[in-house]
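Q:
There are 2 protein chains.
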Amino acid sequence: MAIDRRKQILEAATNSFSLFGYKATTMDQVAKIANVGKGTIYTFFKNKEELFDEIVSSLINEMTLEAEEVIDPEATFSENVHRALFRLLEFRKEHKLTIKLYQEAREMGTPAVSEVIDRMEKVVIEFLSHRIEKAILSGAIKPCNPEMTAFVLLKLYVSLIFDWERAHGPLDKDEIAHLFELYIIKGLSN
Amino acid sequence: MAIDRRKQILEAATNSFSLFGYKATTMDQVAKIANVGKGTIYTFFKNKEELFDEIVSSLINEMTLEAEEVIDPEATFSENVHRALFRLLEFRKEHKLTIKLYQEAREMGTPAVSEVIDRMEKVVIEFLSHRIEKAILSGAIKPCNPEMTAFVLLKLYVSLIFDWERAHGPLDKDEIAHLFELYIIKGLSN
DNA sequence: AGAATGACTAAATTACAAATATAGTCAAAC
DNA sequence: GTTTGACTATATTTGTAATTTAGTCATTCT
Numbered sequence: 108m109a110i111d112r113r114k115q116i117l118e119a120a121t122n123s124f125s126l127f128g129y130k131a132t133t134m135d136q137v138a139k140i141a142n143v144g145k146g147t148i149y150t151f152f153k154n155k156e157e158l159f160d161e162i163v164s165s166l167i168n169e170m171t172l173e174a175e176e177v178i179d180p181e182a183t184f185s186e187n188v189h190r191a192l193f194r195l196l197e198f199r200k201e202h203k204l205t206i207k208l209y210q211e212a213r214e215m216g217t218p219a220v221s222e223v224i225d226r227m228e229k230v231v232i233e234f235l236s237h238r239i240e241k242a243i244l245s246g247a248i249k250p251c252n253p254e255m256t257a258f259v260l261l262k263l264y265v266s267l268i269f270d271w272e273r274a275h276g277p278l279d280k281d282e283i284a285h286l287f288e289l290y291i292i293k294g295l296s297n
Numbered sequence: 108m109a110i111d112r113r114k115q116i117l118e119a120a121t122n123s124f125s126l127f128g129y130k131a132t133t134m135d136q137v138a139k140i141a142n143v144g145k146g147t148i149y150t151f152f153k154n155k156e157e158l159f160d161e162i163v164s165s166l167i168n169e170m171t172l173e174a175e176e177v178i179d180p181e182a183t184f185s186e187n188v189h190r191a192l193f194r195l196l197e198f199r200k201e202h203k204l205t206i207k208l209y210q211e212a213r214e215m216g217t218p219a220v221s222e223v224i225d226r227m228e229k230v231v232i233e234f235l236s237h238r239i240e241k242a243i244l245s246g247a248i249k250p251c252n253p254e255m256t257a258f259v260l261l262k263l264y265v266s267l268i269f270d271w272e273r274a275h276g277p278l279d280k281d282e283i284a285h286l287f288e289l290y291i292i293k294g295l296s297n
């Protein structure tokens with residue numbers, strides 16, 4: 108239990124960031140939770156921001172890997188959107204951090220947090236853009252600006268998860284998948 | 108030029124709110140621009156917030172009227188969405204106020220401003236909901252939750268006008284109309 | 001030795017108070 | 001009867017002391 112202090116620190120920091128946000132998490136707190144002296148944190152991480160960045164980077168990596176993994180080149184575009192969405196929606200614990208960060212960015216505008224969100228969104232948009240480009244080339248979907256389409260998909264997702272849920276209670280995975288299918292893939296028109 | 112002080116005041120306040128926002132507009136300033144004594148404002152409006160509310164209310168009324176007017180019961184749903192959107196996008200001056208208010212709500216979270224935005228969005232969503240309900244009943248579009256669909260349409264609009272434009276420069280009317288057609292009405296799938 | 005530590009310091013944040021600015025009033029002027 | 005701007009009470013900003021927190025480093029522990 109006294110080994111792998113690095114991991115202990117990362118875990119403690121992740122929990123604290125998820126629960127209280129970036130600004131409200133103190134290094135003393137992280138040290139206390141991780142059961143290490145504060146100095147120990149600085150033997151592994153240059154400063155608070157780097158600790159934060161490492162946590163977010165590995166979250167981004169995990170998500171990208173998962174998404175990459177779940178894509179089936181044989182399946183249709185719509186099916187792949189489904190699969191990726193579903194997997195994404197299962198990231199509940201990591202999601203807690205994301206949700207907290209969106210909240211902190213909105214309510215307090217902490218710069219380090221806004222930067223990190225930009226970074227996350229950039230990765231998501233790039234990932235989606237590539238998929239969309241391929242789907243256009245293969246004729247699976249209509250020609251469109253891939254970056255803007257990625258942007259619209261992300262905005263729809265964020266709107267549903269953060270804004271709609273905040274006012275109307277949570278949506279389950281199937282519901283969200285159905286909504287993407289209806290609004291973006293198939294379209295409303297008969 | 109010394110008559111209809113009420114109108115002068117409304118105009119001065121509208122300009123100042125559009126240019127500087129709600130908080131940064133002072134009653135002395137409004138009086139100065141409107142060429143009236145400050146006391147005069149209070150013979151027509153109980154306080155700053157009521158002056159603001161009246162301006163926003165008439166903006167909402169104008170918009171609803173315009174939208175109502177532009178709807179053609181004979182035309183298709185998609186065409187009506189187009190027409191309404193186009194008309195909306197012509198509201199450039201009033202739009203300035205809306206844009207400033209969104210900015211102020213985001214950056215400073217002024218309560219009076221956030222309330223007003225909620226009010227505006229509620230009206231828009233109610234208006235859209237009714238149209239969508241009718242379109243579902245007439246079979247013009249697929250069955251869906253009208254309120255949520257209205258919400259998604261609004262969010263797409265706001266995302267494009269405020270978020271995308273902020274990062275990538277303005278979109279022209281035809282482009283926006285085309286995007287609505289592509290993403291929401293027809294869908295991406297081939 | 002080398003890793004871990006927590007008292008320590010410098011810098012940032014918050015709490016508080018005085019100074020300023022603003023909303024709203026009202027007695028005088030028109 | 002309407003308009004007005006000097007006036008007041010309230011809200012905001014500014015400057016400053018008190019507190020908190022990030023980051024260091026001499027000492028302790030293994």
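So the sequences go chain by chain: A and B. In terms of our numbering, the first sequence opens at residue 108 and continues consecutively. In terms of our numbering, the second sequence opens at residue 108 and continues consecutively. Glycine included, C-beta positions come from ideal geometry on N, C-alpha and C. In this text, all values refer to a predicted model and were calculated from it rather than measured experimentally.
#1: Starting from the Cα of residue 141 of chain B, find the closest Cα among B:193, B:117, B:156 and give me that residue.
#2: If you drop the 5 nearest sequence neighbours on each side, which residues of the same chain put their C-beta closer than 7 angstroms to that of residue 232 of chain A?
#3: By the three-class DSSP mapping on this structure, what secondary structure does residue 178 of chain B have?
#4: With the cut-off set at 9 angstroms, would you say residue 276 of chain B and residue 207 of chain B are in Cβ contact?
#5: My output table needs one value for residue 380 of chain B: the three-state DSSP class, helix, strand or coil.
#6: Say whether chain B places a C-beta atom closer than 9 angstroms to the C-beta of residue 224 of chain A.
#7: Can you grab the Cα-Cα spacing for the pair residue 225 of chain B / residue 151 of chain A, in whole Å?
#8: Less than 8 angstroms between the CB atoms is what I'm expecting for residue 130 of chain A and residue 193 of chain A, so what's the real figure, rounded?
#9: Restricting to runs no shorter than 4 residues, where is the alpha helix (DSSP H) found entirely within the segment 197 to 268 of chain A?
#10: If you follow the alpha helix (DSSP H) that residue 292 of chain A is part of, which residue opens it and which one closes it?
#11: Could you pull out every unbroken alpha helix (DSSP H) segment of at least 4 residues lying fully inside the segment 145 to 180 of chain A, listed in chain order?
#12: Going straight from the alpha carbon of residue 174 of chain B to that of residue 229 of chain B, what length do you get?
#13: Below 8 angstroms on the Cβ atoms is my guess for residue 135 of chain A versus residue 145 of chain A; work out the distance and round it to an integer in Å.
#14: For residue 115 of chain A and residue 139 of chain A, what's the separation of their Cα atoms in angstroms?
#15: Any idea what DSSP makes of residue 108 of chain A, helix, strand or coil?
#16: Can the beta-carbon of residue 245 of chain B be found closer than 9 angstroms to that of residue 247 of chain A?
#17: How many angstroms separate the CA atom of residue 156 of chain B from the CA atom of residue 219 of chain B?
#18: Among residues of its own chain, excluding the 5 on either side of residue 98 of chain A, which ones have a beta-carbon nearer than 7 angstroms to its beta-carbon?
#19: The alpha helix (DSSP H) that contains residue 143 of chain A, what's its start and end?
#20: Answer with yes or no whether the minimum CB distance from residue 214 of chain B to chain A is below 9 angstroms.
#21: Using only CA atoms, which one of B:167, B:203, B:196 lies nearest to residue 123 of chain B?
#22: What's the gap between the Cα of residue 250 of chain A and the Cα of residue 243 of chain A?
#23: Looking at chain A, which residues of the segment 137 to 167 of chain B have a Cβ within less than 7 angstroms of any of its Cβ atoms?
#24: Buried or exposed: which applies to residue 294 of chain B, given that a residue is buried once 16 or more other Cβ atoms fall within 10 Å of its Cβ?
#25: When the Cα of residue 196 of chain B is compared with those of B:125, B:265, B:241, which residue comes out closest?
#26: Residues of chain A with CB closer than 8 angstroms to the CB of residue 246 of chain B, please, in chain order.
#27: Answer yes or no: do residue 263 of chain B and residue 291 of chain B have a C-beta to C-beta separation smaller than 9 angstroms?
#28: Whose CA, out of B:113, B:176, B:120, lies closest to the CA of residue 163 of chain B?
#29: Does the beta-carbon of residue 125 of chain A have 16 or more other beta-carbons within 10 angstroms, so that it is buried, or is it exposed?
#30: Going along chain B, which residues have a C-beta under 7 angstroms from residue 193 of chain A?
#31: Chain B partners of residue 262 of chain A, CB-CB under 8 angstroms?
#32: For chain A, is any of its Cβ atoms less than 9 angstroms away from the one on residue 259 of chain B?
#33: What separation, rounded to the nearest whole angstrom, lies between the Cα atoms of residue 111 of chain A and residue 147 of chain A?
#34: Just checking my contact of residue 227 of chain B with residue 167 of chain B at CB under 8 angstroms: how many whole Å lie between their CB atoms?
#35: For residue 172 of chain B, does the count of other Cβ atoms within 10 angstroms reach 16, so buried, or fall short, so exposed?
#36: Pick out whichever of B:210, B:241, B:216 has its Cα sitting closest to the Cα of residue 178 of chain B.
A: On the basis of the supplied data:
#1: B:117
#2: 254, 257, 258, 261
#3: coil
#4: no
#5: Absent from the structure is residue 380 of chain B, since the part of chain B shown begins at 108 and ends at 297.
#6: no
#7: 46 angstroms
#8: With a Cβ gap of about 33 angstroms, residue 130 of chain A and residue 193 of chain A do not count as contacting.
#9: 199 to 214, 218 to 244, 253 to 265
#10: Where residue 292 of chain A is concerned, there is no enclosing alpha helix (DSSP H), given that its DSSP letter is neither H nor E.
#11: 145 to 151, 155 to 177
#12: 15 angstroms
#13: 6 angstroms
#14: 11 angstroms
#15: Note that residue 108 of chain A has pLDDT 45, beneath the 50 cutoff, so the model's placement of it is unreliable and no number is given.
#16: no
#17: 7 angstroms
#18: Past the edges of chain A, shown from 108 to 297, lies residue 98 of chain A, and the structure says nothing about it.
#19: Here residue 143 of chain A belongs to no alpha helix (DSSP H), and DSSP marks it neither H nor E.
#20: yes
#21: B:203
#22: 6 angstroms
#23: none
#24: buried
#25: B:265
#26: 297
#27: yes
#28: B:120
#29: buried
#30: By Cβ distance, chain B contributes nothing, its closest Cβ being about 19 angstroms from residue 193 of chain A, past 7 angstroms.
#31: 262, 263, 266, 270
#32: yes
#33: 12 angstroms
#34: 6 angstroms
#35: exposed
#36: B:241
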